[in-house]
Amino acid sequence: MRVITFGTFDLLHIGHVNILKRAKELGDTLIVGVSSDALNYRKKGRYPVYNQNDRMAIVKAIRYVDEVFLEESLELKREYILKYKADILVMGSDWEGKFDHLSDICRVIYLPRTENISTSATKIKIKDHL
Ligand code: C2G
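Sequential numbering from 1 applies to the sequence shown in the numbering used here.
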């Protein structure tokens with residue numbers, strides 16, 4: 001089974017590792033679409049701390065991850081799922097229900113987020129420590 005998931009994965013933390021580990025356990029091959037810098041800018045009005053090449057290299061270095069590619073648009077999920085021949089789409093529970101329309105081409109599974117950690121909270125923590 002081929003599993004696909006998506007995310008920015010900026011300032012990699014334990015929540016990211018947990019979801020990648022659980023996604024990998026659902027199949028044999030884990031493919032990760034790393035959101036591009038431009039996509040993040042369009043979505044949030046700012047760039048990630050780490051650029052897309054570094055974020056892709058970091059995600060690729062995780063043992064659970066088999067392949068990475070650049071996710072250039074949130075609206076291209078159907079195309080990416082077909083292109084990478086994914087059987088299962090995994091998303092964090094913050095996206096619950098948002099991708100159910102893709103269940104005609106793959107299984108859609110939402111996994112619970114890891115509590116009490118996020119890239120935004122980490123940025124605030126670092127700022128407060130300086
Ligand atoms: N995540 C998690 N627990 C956390 C934080 C994040 O399980 N405490 C999961 C998210 O639910 C997501 C993945 O880790 O599935 C990546 O999180 P982000 O980098 O925040 O990605 P996001 O902004 O959700 O990008 O097309 C998808 C979008 O680009 C999603």
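By construction, the Cβ of each residue, glycine as well, lies at the ideal position given by its N, Cα and C atoms.
Determine the burial state of GLU71: buried for a count of at least 16 other Cβ atoms within 10 Å of its Cβ, exposed for fewer. buried
So ILE4 and TYR80 are supposed to be a Cβ contact under 8 Å. How far apart are they, rounded? 7 Å
Local conformation of ARG78 per DSSP, three classes: helix
How many angstroms separate the CA atom of HIS88 from the CA atom of VAL34? Per the sequence presented here, residue 88 reads as Ile, with His not at that position. Looking at the two C-alpha atoms, the distance is approximately 17 Å.
Contact test: ASP10 Cβ vs the ligand C2G heavy atom, cutoff 8 Å: yes
Please classify ILE31: is it buried, with 16 or more other beta-carbons within 10 angstroms of its beta-carbon, or exposed? buried
From MET1, GLY7, ARG2, pick the residue whose C-alpha is nearest to that of SER118; which is it? GLY7
Comparing the CB of ASP94 with every heavy atom of the ligand C2G, is any distance shorter than 8 Å? yes
I'd like to confirm something about ARG113: is its beta-carbon nearer than 8 Å to some heavy atom of the ligand C2G, or not? yes
Three Cβ pairs or more, each shorter than 8 Å: is that satisfied between the region 58–69 and the region 123–130? no
Hey, out of TYR84, CYS106, THR114, whose CA is closest to ASP94's CA? THR114
Cβ of PHE69 less than 9 Å from any chain D Cβ? Within the model displayed, chain D is absent; a lone protein chain is all it includes.
Ignore the nearest five residues each way along the sequence and tell me which others in ILE14's own chain have a CB closer than 7 Å to its CB. THR114, ILE117
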